[in-house]
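These notes are about the structure you will find just below.
Numbering (the UniProt record's numbering), first residue to last: 1 to 306.
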C-alpha cells in the first residue's frame, strides 16, 4: 500500500515538473537527423536524374558507336579511346564541310560581342531606368517588362527580312542580340536595390552620372555582372534558330548549327556526335566556373531580398 502510494505520487510529481530537458533534445536531434537523411536521399536521386544524361554523353564520347546504346552497359567505361574526337576533327577538315576550329572561332567571336556589348549597353540602360529621373522612364520600363515575356520566335521572321542583305556574316549573328530586355531587367532589379546614399554622396563630391556609374555603381555590382555574363554567354553559345535562318556558308557557321549539320550527314556515328556535344559544352562549363562565385552571391542575395 505504501509503495503504491509513493509510485502514484512520483508520477504526479513527474507530470507537474514536465518532461526531462535531456529527453526532448534527443528526440528533436533524432528528428533533425531523420529529416536531413531523407533530404539528402531526395537530393541525391534528383542529382543522379539530371546528371545521368551528361554522364552518358561523356562516357559515350569515348566509346565505339556500336557500344553507345547498350542499355545500362552504356554507362560502363570500357573500350575507351579518343577516336571519336579525332574522327570529328577529321570529318570537318575541308572547304566543303568547313573546318572544325573555324566553327569554334565563329561561336567565340559571336559570343564575345554579345556578352561584352550586352554588359555595356544593358547595364547603362538599366542604370538610367533605376537611378536617373527623366520623362518617359516608366513607359520605357513597362516596354522592357513586356519585351521580357516576348519570345524570340515572334520577331524572328521580321528580323530575317530586315537583315536579309547581311546573311552569312558575323555581324548578323550578334548585332540583334546585344540589347536584351531580360538582361536590362536583371540589372534594373539589382541597381534599384543599391543604397541611394552612396550615389548622393558621390554627387555631392561633384561626380556626374557617368562617373557615378563607372566608379560607384559598377564596382558594387559584380554579382549581377557575373550573372548576366553567364546567362548571356549560354544563350549566345547555344544560339540555333537565327543561325539556321541566316547562315548557309560553312565559313561562318557556329557550333550548334555545325553539330546539326553533322548529325544529318550519313552515316550517323553516335560516338562522334557525343564527342561533338562534349566539345560544345566545355566552354560553357569554363565560363560558369570562372564566374560561379559571383553568380552564387547574386542568387543568394536575390533569395534574401525576395
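Heads up, the beta-carbon is just placed ideally off N, CA and C, and yes, glycines get one too.
Quantities reported herein were computed from a predicted structural model and do not represent experimental measurements.
6 Å Cβ shell around residue i - same chain, five flanking residues per side excluded
i: residue 290; result: none
i: residue 30; result: none
i: residue 85; result: 275
i: residue 100; result: 89 and 92
Residue i versus residue j: straight-line alpha-carbon distance, rounded
i: residue 81; j: residue 252; result: 30 Å
i: residue 49; j: residue 56; result: 11 Å
i: residue 259; j: residue 283; result: 15 Å
i: residue 89; j: residue 294; result: 35 Å
i: residue 232; j: residue 240; result: 14 Å
i: residue 165; j: residue 246; result: 10 Å
i: residue 111; j: residue 38; result: 42 Å
i: residue 27; j: residue 71; result: 45 Å
i: residue 229; j: residue 117; result: 11 Å
i: residue 219; j: residue 83; result: 47 Å
i: residue 280; j: residue 162; result: 30 Å
i: residue 33; j: residue 52; result: 28 Å
i: residue 173; j: residue 58; result: 29 Å
i: residue 212; j: residue 197; result: 12 Å
i: residue 142; j: residue 135; result: 13 Å
i: residue 45; j: residue 94; result: 45 Å
Opposing strand residues paired with residue i [DSSP bridges]
i: residue 98; result: 94
Best match in the options for proximity to residue i [C-alpha to C-alpha]
i: residue 108; options: 295, 238, 278 and 119; result: 238
i: residue 270; options: 45, 63 and 27; result: 63
i: residue 120; options: 159, 267, 230 and 214; result: 214
i: residue 178; options: 277, 210, 113 and 28; result: 113
i: residue 160; options: 145, 99 and 176; result: 176
i: residue 274; options: 42, 41, 69 and 37; result: 69
i: residue 125; options: 116, 140, 115 and 135; result: 140
i: residue 133; options: 209, 156, 148 and 268; result: 209
i: residue 224; options: 277, 127 and 281; result: 127
i: residue 130; options: 72, 84 and 199; result: 199
i: residue 153; options: 242, 41 and 51; result: 242
i: residue 255; options: 60, 94 and 105; result: 105
i: residue 87; options: 286, 262, 287 and 285; result: 262
i: residue 184; options: 35, 170 and 147; result: 147
i: residue 61; options: 287, 276, 286 and 288; result: 276
i: residue 181; options: 151, 206, 171 and 158; result: 151
i: residue 234; options: 35, 266, 286 and 79; result: 286
Close beta carbons around residue i, own chain, < 8 Å, minus the five adjacent residues each side
i: residue 221; result: 123, 187, 190, 191 and 194
i: residue 203; result: 212
Three-state class that DSSP yields for residue i in the structure shown
i: residue 287; result: helix
i: residue 79; result: coil
i: residue 309; result: With the chain covering only 1 through 306, there is no way to say anything about residue 309.
i: residue 167; result: coil
i: residue 135; result: coil
i: residue 193; result: coil
i: residue 149; result: coil
Same chain, Cβ closer than 7 Å to residue i, neighbours up to 5 away in sequence not counted
i: residue 97; result: 91 and 250
i: residue 102; result: 251
i: residue 257; result: 240, 243, 244 and 247
Cβ of residue i within 8 Å of any chain B Cβ
i: residue 116; result: No chain B appears in this structure, which consists of one protein chain only.
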